[in-house]
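K.L.:
Sharing a structure below in structure tokens format, with a few things to ask.
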Amino acid sequence: MKQSVALYVHIPFCAQKCAYCDFNSYAGLEHLFAPYIQALTGEMRVYVARWGSLRVCTIYIGGGTPTVLPLSLLTGVLAACHASFEVINGAETTVEANPGTVDESYLAGLLAAGVNRLSLGVQSLDDSELRLLGRLHDADQAREAYHQARAVGFCNVNLDLIFGLPGQTMARWQATVRQALDLGPEHLSLYALTIEEHTPLAGYIAHGELPAPDDDLAAEMYEWAEVELAKAGYVHYEISNWAQPGFECQHNLVYWHNQPYLGLGAGAHSWLAGCRWANVRIPQIYIEAIVGGKQPVAESEEIDRALEMAETVILGLRLVEEGVNFGAFRARFGVEFTDIYGSKIEELANLGLLEVTRDRVRLTRWGRLLGNQVFQCFLPDPC
Ligand code: SF4
53 MKQSVALYVH IPFCAQKCAY CDFNSYAGLE HLFAPYIQAL TGEMRVYVAR WGSLRVCTIY
113 IGGGTPTVLP LSLLTGVLAA CHASFEVING AETTVEANPG TVDESYLAGL LAAGVNRLSL
173 GVQSLDDSEL RLLGRLHDAD QAREAYHQAR AVGFCNVNLD LIFGLPGQTM ARWQATVRQA
233 LDLGPEHLSL YALTIEEHTP LAGYIAHGEL PAPDDDLAAE MYEWAEVELA KAGYVHYEIS
293 NWAQPGFECQ HNLVYWHNQP YLGLGAGAHS WLAGCRWANV RIPQIYIEAI VGGKQPVAES
353 EEIDRALEMA ETVILGLRLV EEGVNFGAFR ARFGVEFTDI YGSKIEELAN LGLLEVTRDR
413 VRLTRWGRLL GNQVFQCFLP DPC
């Protein structure tokens, strides 16, 4: 049987670097757009030569800002995916887009090229917060991009929002969430801001120009949003993700089910056939490697069975309702979940962090707020 994967394609370009961002993305590399896309198709050929035509169940083009590319280059990436791999019929195909980089004709072009899910990097619907984050768009442009997506026919739209910003009040967060809900997207991703070292935002905080984010308030914002989104009919299916029923992100579910994925492009990660690897991060070096006929891989590691089990549990616990299903664990690893993790589960359940039912284990509400501490306990060198 053909190997089935979720396919991720990384576009590491942005029009400008946001103040909080430490993603693998770069501004001012427009001269690399075309050679980079060529290199991506070269990398596809490498995998086809090694694996034959892989079966692709989802495609996700992320970044960076994929929509800074001219439409023809971005649709060319999709065409190359379809030419290189066996993409299943109706595969969920997502493109990340930033308001201010798309208009109706661009969005119509994406839809015509087979993109059936749009993920808009809205982040906030408050102009002062967008300025603080260093975003290039304002709230009106975010709303406009959303309405344009609807006008051209997108029926599956995600909005990304960030909470826990320096100086953000609960009232401003509530206003953003309520306005986002009024738009009626199929999917919402709500992320707590993390202050990454060496970003301008970290510098402003270190120099006292901005207050440090308030973690307790951020937790209250998250809990408020959980209630509000439930009232609006969204299913909280992953720690940071909510969807109208049936619109859960199929691509990300592959990650959370710890199933194989192939990442193409600078800094992209893959997990396939017991091995995990990451490509070189710098676009120029990535291009040079492909042009020179070399593997663009920066690091790789074998994933042994113990680590695969641990990662399956850690990722599965991110799924709010589903959690880790004992039957699925037994089918995958040939052992009982409780034989491996019984005492750990009992300990964490006694602390109120996990809920154990007849057929699964999942995080409690309290556990979701302390997810990282819970996850640590499952690593092969445990707490
Ligand atoms: S648009 Fe996204 S990837 Fe680009 S700099 Fe801003 S946060 Fe980073």
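When you read off a place in the sequence shown, starting at 1, and then add 52, the result is the number in our numbering. Glycine is no exception: its CB is placed at the ideal position from the N, C-alpha and C atoms.
A277 and V209: beta carbons closer than 7 Å?
P.N.:
Result no, Cβ atoms of A277 and V209 do not sit closer than 7 Å.
K.L.:
Give me, in chain order, the residues of the same chain whose beta-carbon lies closer than 6 Å to that of E351; leave out the 5 immediate sequence neighbours on both sides.
P.N.:
Cβ within range, chain order: A330.
K.L.:
Is T117 near the ligand SF4, with its Cβ less than 6 Å from a heavy atom?
P.N.:
Correct: T117 has its Cβ closer than 6 Å to the ligand SF4.
K.L.:
Considering Cα atoms alone, identify which of T364, K54, E280, E374 is closest to P432.
P.N.:
Ranking the options by Cα distance to P432, first place goes to T364.
K.L.:
Enumerate in chain order the residues of its own chain whose CB-to-CB distance from D155 is below 7 Å, with the five nearest sequence positions on each side excluded.
P.N.:
Closer than 7 Å at the Cβ level, and outside the excluded window around D155, lie Q200.
K.L.:
When we look at the beta-carbon of G133 and count the other beta-carbons within 10 Å, is it buried (16 or more) or exposed?
P.N.:
In the sequence as presented, Gly is not what sits at residue 133; that position holds Cys. Counting Cβ neighbours within 10 Å, C133 comes out buried, since at least 16 surround it.
K.L.:
Buried or exposed, going by whether 16 or more other CB atoms sit within 10 Å of the CB of C207?
P.N.:
Label assigned to C207: exposed.
K.L.:
Ignore the nearest five residues each way along the sequence and tell me which others in S56's own chain have a CB closer than 6 Å to its CB.
P.N.:
Cβ neighbours of S56 beyond the five flanking positions: R107, C109.
K.L.:
With DSSP run on the structure shown, which of helix, strand or coil describes T146?
P.N.:
In the structure shown, T146 sits in a strand (DSSP, three-state: E or B).
K.L.:
Under a Cβ-count criterion, where at least 16 other Cβ atoms within 10 Å of its own Cβ denotes burial, should F215 be classed as buried or exposed?
P.N.:
It counts as buried.
K.L.:
Pull up the CB-CB distance for Q68 and L188, whole angstroms please, since I reckon it's below 8 Å.
P.N.:
The Cβ separation is near 5 Å, so the contact holds.
K.L.:
So G113 and V139 are supposed to be a Cβ contact under 8 Å. How far apart are they, rounded?
P.N.:
The sequence given here has Ile at residue 113, not Gly. 13 Å between Cβ atoms; not a contact.
K.L.:
Report yes if the C-beta of K69 is less than 6 Å from at least one heavy atom of the ligand SF4; otherwise report no.
P.N.:
Checking the Cβ of K69 against the ligand SF4 gives yes.
K.L.:
Can you give the beta carbon distance from E144 to N168, rounded, assuming they're within the 8 Å contact cut?
P.N.:
About 7 Å; that satisfies the 8 Å criterion.
K.L.:
Where DSSP assigns a beta bridge to I376, which residues make up the other side?
P.N.:
It is Val, not Ile, that sits at residue 376 in the sequence shown. Paired residues: V413.
K.L.:
Can you name, in chain order, every residue of its own chain whose Cβ lies under 8 Å from the Cβ of G379, other than the five neighbours on each side?
P.N.:
Answer for G379: D411, listed in chain order.
K.L.:
In three-state DSSP terms, what is H259?
P.N.:
Reduced to three states, the DSSP call for H259 is coil.
K.L.:
DSSP state of P434, grouped into three classes?
P.N.:
Low confidence applies to P434: its pLDDT is 47, below 50, so where it sits in the model is not reliable enough to give any reading.
K.L.:
What separation, rounded to the nearest whole angstrom, lies between the Cα atoms of L84 and F75?
P.N.:
Cα to Cα, L84 sits roughly 18 Å from F75.
K.L.:
Out of F430, L126, S171, state which residue places its alpha-carbon closest to the alpha-carbon of F299.
P.N.:
For F299, the nearest C-alpha among the options comes from S171.
K.L.:
Under the three-state reduction of DSSP, which class applies to L121: helix, strand or coil?
P.N.:
L121: coil per DSSP, three-state reduction.
K.L.:
Quick check on V174: does DSSP put it in helix, strand or coil?
P.N.:
Note: V174 maps to strand in three-state DSSP.
K.L.:
How many angstroms separate the CA atom of C73 from the CA atom of T251?
P.N.:
If I take the Cα positions, the gap works out to 7 Å.
K.L.:
How many angstroms separate the CA atom of I63 from the CA atom of L403?
P.N.:
Roughly 42 Å between the two C-alpha positions.
K.L.:
Return yes when at least one heavy atom of the ligand SF4 lies under 6 Å from the C-beta of S292, else no.
P.N.:
The answer is no for S292.
K.L.:
Apart from the five residues on each side of it in sequence, which residues of its chain come closer than 8 Å, Cβ to Cβ, to L217?
P.N.:
The answer, listed in chain order, is S176, E181, L184, L185, L245, P265.
K.L.:
Who pairs with A58 in a beta bridge, going by DSSP?
P.N.:
Answer is T110, Y313.
K.L.:
With DSSP as the reference, identify every bridge partner of W323, one or two as the case may be.
P.N.:
Y313, R328.
K.L.:
Do the CB positions of I355 and G326 come within less than 7 Å of each other?
P.N.:
For I355 and G326, yes; Cβs fall inside 7 Å.
K.L.:
With DSSP as the reference, label R169 as helix, strand or coil.
P.N.:
In this structure, R169 counts as strand in the three-state DSSP scheme.
K.L.:
Going by other Cβ atoms of all chains shown within 10 Å of its Cβ, with 16 needed for buried, is S124 buried or exposed?
P.N.:
Exposed, because fewer than 16 other Cβ atoms sit within 10 Å of the Cβ of S124.
K.L.:
With hydrogens ignored, establish whether the beta-carbon of S77 is closer than 6 Å to any heavy atom of the ligand SF4.
P.N.:
S77: yes, Cβ under 6 Å from the ligand SF4.
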